[in-house]
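Peer 1:
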Amino acid sequence: MRKIWLSRSLAFICLFSLMSLAQASDEKPDARAEYIRANYTKFEHKITMRDGIKLFTSVYVPNDDTKQYPILLQRTPYRVAPYGSNKYKTRLGPDESFEKDGFIFVFQDVRGKFMSEGKYVNMRPQDAYKKGGKATDDATDTHDTIDWLVKNIGKNNGKVGMWGTSYPGYYTSVAAINSHPALKAISPQAPIADWFFDDFHRNGAFVTPMAFLFFDTFDKGRDDLHAAWPEGMKSVTPDGYQFFKKLGPLSNVNKNHFHGTRPFWNELTLHPNYDEYWQARNVLPHLKNTKPATLIVGGWYDTEDLYGPLATYQTMSNANKKEHVKMVMGPWSHGQWNQGKGEKLGEADFGFNTSTWFQENILLPFFQQHLKEGDDAKLASATMFETGSNRWRKFETWPPAKTKETRLYLGADESLNSTRQDAGFSDYISDPNKPVPHSANISRGWDKPYMVEDQRFSARRPDVLVFESQAQEEDITLAGSLELDLWFSTSQSAADIVVKLVDVFPGKDVNDDKVDKETGNRHELVRWGVIRGRFSDSFSEPKPFKPNQPSRVKFELYDVLHTIKRGHKLQIQIQSSMFPFIDINPQKYVENIFEATAADFVKAEHRIYHSKQYPSAISFNTIN
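Residue numbers (the working numbering): 1397 to 2020.
#1: Between which residues of its own chain and asparagine 1786 is the CB-CB distance below 7 Å, once the five residues before and five after are set aside?
#2: Counting beta carbon pairs with one atom in the stretch 1946 to 1955 and one in the stretch 1909 to 1926, are three or more of them shorter than 8 Å?
#3: The alpha helix (DSSP H) spanning histidine 1766 covers which residue range?
#4: Considering only their Cβ atoms, is the gap separating arginine 2003 from serine 1811 smaller than 8 Å?
#5: With a CB to CB cut of under 8 Å and the five nearest residues on each side skipped, what residues in its chain are close to glutamine 1563?
#6: With a threshold of 16 other CB atoms inside 10 Å of the CB of proline 2011, please say whether the residue is buried or exposed.
#7: If we ignore side chains and look at the alpha-carbon of each, how far apart do asparagine 2017 and valine 1603 end up?
#8: Give me the Cα-Cα distance between threonine 1802 and phenylalanine 1941, rounded to the nearest whole angstrom.
#9: Only counting the same chain, and skipping five residues up and downstream in sequence, which positions put a Cβ closer than 7 Å to that of glutamate 1495?
#10: Could you tell me how far apart the beta carbons of tyrosine 1436 and proline 1458 are, in whole angstroms, since I believe they sit closer than 8 Å?
#11: On a Cα-Cα basis, can you pick out the residue from Ile1968, Gln1967, Lys1999, Leu1966 that is closest to proline 1982?
#12: Report the residue ranges of all beta strand (DSSP E) runs contained in full by the stretch 1458 to 1533; include only those spanning at least 3 residues, in chain order.
#13: Is the stretch 1805 to 1822 touching the stretch 1764 to 1781 in the sense that three or more CB pairs, one from each, lie closer than 8 Å?
#14: Distance, Cα to Cα, aspartate 1635 vs serine 1835?
#15: Which residue comes first and which comes last in the alpha helix (DSSP H) that contains glutamate 1743?
#16: Where does methionine 1723 fall in DSSP's three states?
#17: Where does alanine 1524 land, buried or exposed, given buried means 16+ other C-beta within 10 angstroms?
#18: Where does glutamate 1849 land, buried or exposed, given buried means 16+ other C-beta within 10 angstroms?
#19: Leaving out five residues before and five after glycine 1807 in sequence, what residues of the same chain have Cβ atoms less than 8 Å from its Cβ?
#20: Would you decide whether glycine 1929 is buried or exposed? Buried here means 16 or more other CB atoms lie within 10 Å of its CB.
#21: Taking the C-alpha atoms as reference points, what is the distance between aspartate 1551 and isoleucine 1582?
#22: Going by CA-CA distance only, name the one from Gly1742, Ser1569, Val1906, Trp1753 that's closest to asparagine 1734.
#23: Please classify glutamine 2009: is it buried, with 16 or more other beta-carbons within 10 angstroms of its beta-carbon, or exposed?
#24: Rounded to a whole number of angstroms, what is the C-alpha to C-alpha distance between glutamine 1710 and glycine 1498?
#25: Ends of the alpha helix (DSSP H) at methionine 1712?
#26: What is the DSSP secondary structure of proline 1659, reduced to helix, strand or coil?
#27: Kindly confirm or deny that the stretch 1528 to 1542 and the stretch 1463 to 1472 touch, where touching means at least three C-beta pairs closer than 8 Å.
#28: Could you tell me if leucine 1775 is buried or exposed, where buried requires 16 or more neighbouring beta carbons within 10 angstroms of its beta carbon?
#29: Could you pull the start and end residues of the beta strand (DSSP E) that phenylalanine 1884 belongs to?
#30: Just checking my contact of serine 1493 with glutamine 1755 at CB under 8 Å: how many whole Å lie between their CB atoms?
#31: Taking just the CA atoms, how far does glutamine 1522 sit from cysteine 1410?
#32: Taking contact to mean 3 or more Cβ pairs, one atom from each stretch, closer than 8 Å, check whether the stretch 1686 to 1704 and the stretch 1967 to 1976 are in contact.
#33: Taking one C-beta from the stretch 1449 to 1463 and one from the stretch 1496 to 1515 each time, how about it: are there three or more such pairs within less than 8 Å?
#34: With 16 other CB atoms within 10 Å as the buried threshold, where does proline 1584 fall?
#35: Helix, strand or coil: how does DSSP classify leucine 1417 here?
#36: Along the chain, where does the beta strand (DSSP E) containing alanine 1607 start, and where does it finish?
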């Protein structure tokens, strides 16, 4: 069978923000690159770890000999290219201001990647501190690297900071485990926390294009050290819906494309449930008693790693000195805070340059305070962007301490009500051959603006249920997670439940009563979530639904800070597919979905109940 692919560049550009490739600047790139060449000298080293493995490391030292500088380290599985002491990166810091402020910038290929020795392990279990001796993991490699840097790199002031986005964000998080004394400040940005909930799974549902596109190149083995990014299969179509529909069951990935040559893909297909394999790769239990000052960064519209920063903040703020752990959540897609101005995403306009504001007022002052003895950055525990109202807000705790709980019940007349109804159920037919698209736009995998996309394309489908409140008489601000408490049944034995929180704009401007031609009746996506029904009781011990029997399904949509403005409506959409972003559920229970065959995919009638006996509802907290 002819190999079909959707472009390797999409995999690592859309999945993970590669610092060397994705950071944007309003200034001409050449000007920034020329500044770096004129003011920094590059060195290359191979730093030996405690077990003898050598890791390739690039170091950029300011030319100014009158000062000492802190070290700003990034460890990455995405290459520290360009290689060669006479070849320079065009960007060193999260923002140009870092380069002009002056740091020693260090970049390292992690163990087993590109020009570093050793074997690469995805989300390597962090257990070396339990084993002792010469046992290694990502935390010990960081410790050994920092130890060598402060002892061997001239002009350093003995203080080290770390930062990174996505996978480099994970390497930043684990650096805090039994950290080196010189590590004073870290900024995990969109950090992976637990790969069963970040990136490739969402409450057990599998994110096919993200995993498929990414691991084609990232998971390729190597015979020796190499500087080039592995080549992926070639694309023949820009239409991801078509491609992944033609792909069929996930069992066809190895059969027709990978042929067993992607080790981690092989491993994840053997572990469809949250078993010991995935639990060992959960970083969160290890983030206790950490010492470096920590600034966690995430984006409300990050479709790859939204769980990671929220869970990392909750874990670290509860298990460490609260004054050492801060969080920023902005109106950003994956890594957007280091890319451009951040004034908009797709059709959503945030009113000002949110990324620029973050770099100038949060990130640089944070590192200056802890690495350069600068002024107190005076950061709140949580600095959060309020979408809908388009403003920054500061909180001493997240979720906020003073909130009001609201519970809305689903009704048969497509309504959301503050009181229960005795109104039976709403139903729809879910057809695996005609799944609901995750976006109205054509893309090879997914495009970032889908996270704020107008949802009228799905609301008008017969296999999507819609429940809507009355127009709000005053602004209402949702803060924190949203809990779904649904009564659900299916005519088969398996199903996914996808829920969207939608902000419905009025047709007319509420202030002047004129038809709004730009955004009138827009259905703006605020948050979506999914649960694979087999996991409604346990992610470790799945079970089928009993056909036609109502079952209680409870799960959360990740946190929001969003204002439904006066005149707007709050809408809930419920469906059972979101393709191709989420793989198609067969709707016939199978022990391992990666082994499902075409015969397992069947139509099903799904019901959402909204009676007094089975009251389906959504709960959330509001603030003033």
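C-beta: ideal position from N, C-alpha, C; glycine also.
Peer 2: Looking at the atomic coordinates:
#1: By one-based count along the sequence shown, residue 1786 stands at place 390. Only Phe1746, Gly1747 meet the Cβ criterion.
#2: Contact holds: three or more Cβ-Cβ distances are below 8 Å.
#3: Reading the sequence shown from its first residue, position 370 is the one you call residue 1766. Counting along the chain, the alpha helix (DSSP H) containing histidine 1766 begins and ends at 1760 to 1767.
#4: One-based indexing of the sequence shown puts residue 1811 at position 415. One-based indexing of the sequence shown puts residue 2003 at position 607. Not closer than 8 Å, so no.
#5: On the sequence shown, residue 1563 is found 167 positions in, with the first residue counted as 1. Looking at the sequence provided, one finds tyrosine at residue 1563 rather than glutamine. Result list for tyrosine 1563: Phe1412, Thr1472, Pro1473, Tyr1474, Ile1588, in chain order.
#6: Residue numbering aside, residue 2011 sits at position 615 when the sequence shown is read from its first letter. Buried, by the Cβ-count rule.
#7: As a first step, residue 2017 must be located in the sequence shown, where it is residue number 621. As a first step, residue 1603 must be located in the sequence shown, where it is residue number 207. So the two alpha carbons sit approximately 29 Å from each other.
#8: As a first step, residue 1802 is located in the sequence shown; it is residue number 406 there, counting from the start. As a first step, residue 1941 is located in the sequence shown; it is residue number 545 there, counting from the start. If you take the alpha carbons of threonine 1802 and phenylalanine 1941, they lie about 29 Å apart.
#9: Translated into the one-based positions of the sequence shown, residue 1495 becomes position 99. Residues of the same chain with a CB within less than 7 Å of the CB of glutamate 1495, apart from the 5 flanking positions on each side, are Tyr1431, Ile1432, Leu1488, Gly1489 in chain order.
#10: Your numbering for residue 1436 matches position 40 in the sequence shown. Your numbering for residue 1458 matches position 62 in the sequence shown. Indeed, because the Cβ distance is near 6 Å, the residues count as touching under 8 Å.
#11: Taking the sequence shown and counting its residues from 1, one reaches residue 1982 at position 586. Of the candidates Ile1968, Gln1967, Lys1999, Leu1966, the one whose C-alpha sits nearest the C-alpha of proline 1982 is Lys1999.
#12: The qualifying runs are 1465 to 1472, 1500 to 1505.
#13: Not touching, per the Cβ criterion.
#14: As a first step, residue 1635 must be located in the sequence shown, where it is residue number 239. As a first step, residue 1835 must be located in the sequence shown, where it is residue number 439. For aspartate 1635 and serine 1835, the distance between alpha carbons rounds to 12 Å.
#15: Taking the first residue of the sequence shown as position 1, residue 1743 is located at position 347. Run containing glutamate 1743: none; DSSP gives neither H nor E here.
#16: Reading the sequence shown from its first residue, position 327 is the one you call residue 1723. The three-state secondary structure of methionine 1723, taken from DSSP, is strand.
#17: Here residue 1524 corresponds to residue number 128 of the sequence shown, with the count starting at 1. When all chains shown are included, alanine 1524 counts as buried.
#18: Working through the sequence shown from its first residue, we reach residue 1849 at position 453. By the neighbour-count criterion, in which a residue is buried when 16 or more other Cβ atoms sit within 10 angstroms of its Cβ, glutamate 1849 is buried.
#19: Against the sequence shown, residue 1807 aligns to sequence position 411. Hits under 8 Å: Asn1813, Gln1817, Ala1819, Phe1863, His2006.
#20: For this step, residue 1929 is matched to residue 533 along the sequence shown. Buried: at least 16 other Cβ atoms inside 10 Å.
#21: On the sequence shown, residue 1551 is found 155 positions in, with the first residue counted as 1. On the sequence shown, residue 1582 is found 186 positions in, with the first residue counted as 1. For clarity, residue 1551 is lysine in the given sequence; the question names aspartate instead. In a straight line, the C-alpha of lysine 1551 is about 21 Å away from that of isoleucine 1582.
#22: Walking along the sequence shown from the start, residue 1734 turns up at place 338. Of Gly1742, Ser1569, Val1906, Trp1753, the smallest CA-CA separation from asparagine 1734 is found for Trp1753.
#23: Working through the sequence shown from its first residue, we reach residue 2009 at position 613. Flag for glutamine 2009 reads exposed.
#24: To locate residue 1710, count along the sequence shown from 1; it is residue 314. To locate residue 1498, count along the sequence shown from 1; it is residue 102. Approximately 32 Å between the Cα atoms of the pair.
#25: Along the sequence shown, one-based indexing puts residue 1712 at 316. Annotation for methionine 1712: the continuous alpha helix (DSSP H) segment containing it runs 1703 to 1715.
#26: For the purposes of this step, residue 1659 is taken as residue 263 along the sequence shown, with counting starting at 1. In this structure, proline 1659 counts as helix in the three-state DSSP scheme.
#27: The stretch 1463 to 1472 and the stretch 1528 to 1542 touch, with three or more beta-carbon pairs separated by less than 8 Å.
#28: Here residue 1775 corresponds to residue number 379 of the sequence shown, with the count starting at 1. Counting Cβ neighbours within 10 Å, leucine 1775 comes out buried, since at least 16 surround it.
#29: The residue you call residue 1884 lines up with position 488 of the sequence shown. 1872 to 1886 is the extent of the beta strand (DSSP E) around phenylalanine 1884.
#30: What you label residue 1493 is simply residue 97 of the sequence shown in a count that begins at 1. What you label residue 1755 is simply residue 359 of the sequence shown in a count that begins at 1. That pair is a contact at about 6 Å.
#31: Walking along the sequence shown from the start, residue 1410 turns up at place 14. Walking along the sequence shown from the start, residue 1522 turns up at place 126. Any reading at cysteine 1410 is ruled out, since the residue's pLDDT is 42, under 50, leaving its predicted position unreliable.
#32: Fewer than three Cβ pairs drawn from the stretch 1686 to 1704 and the stretch 1967 to 1976 lie within less than 8 Å of each other, which leaves the two stretches out of contact.
#33: Put simply, the stretch 1449 to 1463 touches the stretch 1496 to 1515. At least three CB pairs are less than 8 Å apart.
#34: Here the question's residue 1584 lines up with position 188 in the sequence shown. Buried, by the Cβ-count rule.
#35: If you number the sequence shown from 1, residue 1417 lands on position 21. Note on leucine 1417: pLDDT 37, under 50, position unreliable in the model; the coordinate value appears next. Helix.
#36: For the purposes of this step, residue 1607 is identified with residue 211 of the sequence shown, where counting begins at 1. Taken as a continuous stretch (DSSP letters only), alanine 1607 belongs to no beta strand (DSSP E), being part of the alpha helix (DSSP H) at 1604 to 1614.
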